[in-house]
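Residue numbers (numbering that gives the first Met the number 0): 0 to 57. Here the structure comes first, spelled out in structure tokens, and everything after it is commentary.
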Amino acid sequence: MDQIDKNIVGLLQSNAKISMKDLGKAVHLSSPSVTEQVWKLEEQQIIEGYHAHVSLKS
């Protein structure tokens, strides 16, 4: 895992709903390139899923 991958993972941990366009801008890659990087991280099971955090306050 290189520094770009670490940055991608960190950004996705902070905001799993970030668009590929915004994620690409943040790591200085095109949208198709960052989409491919995320796909590779999923295939390598570095990214295992995306989860919602639910607040029980209501």
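Yeah, the Cβ is synthetic: ideal placement off N, Cα and C, and Gly gets one too.
Over the uninterrupted alpha helix (DSSP H) stretch that includes residue i, give me the two end residues.
| i | result |
| --- | --- |
| Met-0 | Where Met-0 is concerned, there is no enclosing alpha helix (DSSP H), given that its DSSP letter is neither H nor E. |
| Glu-41 | 30-42 |
Assuming residue i and residue j are in contact, meaning their beta carbons sit under 8 Å apart, how far apart are those beta carbons, in whole angstroms?
| i | j | result |
| --- | --- | --- |
| Val-33 | Met-19 | 6 Å |
| Val-61 | Ile-46 | One cannot answer for residue 61 here, as it falls past the ends of the chain, which runs 0 to 57. |
| Leu-40 | Asp-4 | 6 Å |
If you run the structure through DSSP and keep just helix, strand and coil, what is residue i?
| i | result |
| --- | --- |
| Ala-25 | helix |
| Ser-57 | coil |
Quick check: the Cα distance between residue i and residue j, rounded to an integer number of angstroms?
| i | j | result |
| --- | --- | --- |
| Val-26 | Ile-17 | 12 Å |
| Pro-31 | His-50 | 23 Å |
| Ser-29 | Ser-57 | 40 Å |
| Glu-42 | Lys-24 | 23 Å |
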